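For the sequence shown, the numbering used here begins at 40 and goes up steadily by one.
Before any comments, here is the structure.
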Amino acid sequence: MTLMRKLPRSVRFYSVALYPTLFNDFLLVHHCGKNCSPKSRRSYFDTKKEALYHSLNIISSKQQEGYTLLKKPQTAR
């Protein structure tokens with residue numbers, strides 16, 4: 040998921056992604072766009088439920104800071 044926040048002179052992006060690993064756990068990666076530090080934060084979780092709970096906490100805290108969910112543009116069929 041990508042979150043966006045409009046500022047007076049720029050736009051900030053925040054990305055949250057969840058990936059299954061080969062070891063039956065889940066990797067949660069979240070990072071800022073170009074304007075922030077290039078380091079991404081990675082966390083491993085034993086269950087999908089834990090990973091989803093943590094990602095929803097991140098998303099809700101970012102929404103409280105003024106970020107909105109960036110919707111994908113619809114493609115013509």
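For glycine and all other residues, C-beta sits at the position ideal for the given N, C-alpha and C.
All figures in this text were calculated on a predicted structure; none of them were measured in a lab.
- Item | Nearest-angstrom Cα separation, counted from T107 out to L67 | Counting from one through the sequence shown, the residue named residue 67 turns up at place 28. Counting from one through the sequence shown, the residue named residue 107 turns up at place 68. Near 20 Å, if we compare the C-alpha coordinates of T107 and L67.
field: Integer Cβ distance of L57 from A90, believed to fall under 8 Å
entry: Your numbering for residue 57 matches position 18 in the sequence shown. Your numbering for residue 90 matches position 51 in the sequence shown. With a Cβ gap of about 6 Å, L57 and A90 count as contacting.
Original post:
Under three-state DSSP, which class holds L91?
Top reply: The sequence position of residue 91 within the sequence shown is 52, counting from 1. Helix.
- With DSSP run on the structure shown, which of helix, strand or coil describes K101? Against the sequence shown, residue 101 aligns to sequence position 62. Here K101 sits in helix by DSSP.
*Quick one: using the 10 Å Cβ neighbour count with 16 as the cut-off for buried, is K61 buried or exposed?*
Counting from one through the sequence shown, the residue named residue 61 turns up at place 22. Rather than Lys, the amino acid found at residue 61 in this sequence is Leu. Flag for L61 reads exposed.
| said: Do C71 and F52 have their beta-carbon atoms positioned less than 9 Å apart in this structure? | reply: The residue given as residue 52 occupies position 13 in the sequence shown. The residue given as residue 71 occupies position 32 in the sequence shown. Taking 9 Å as the Cβ cut-off, F52 and C71 qualify as a contacting pair.
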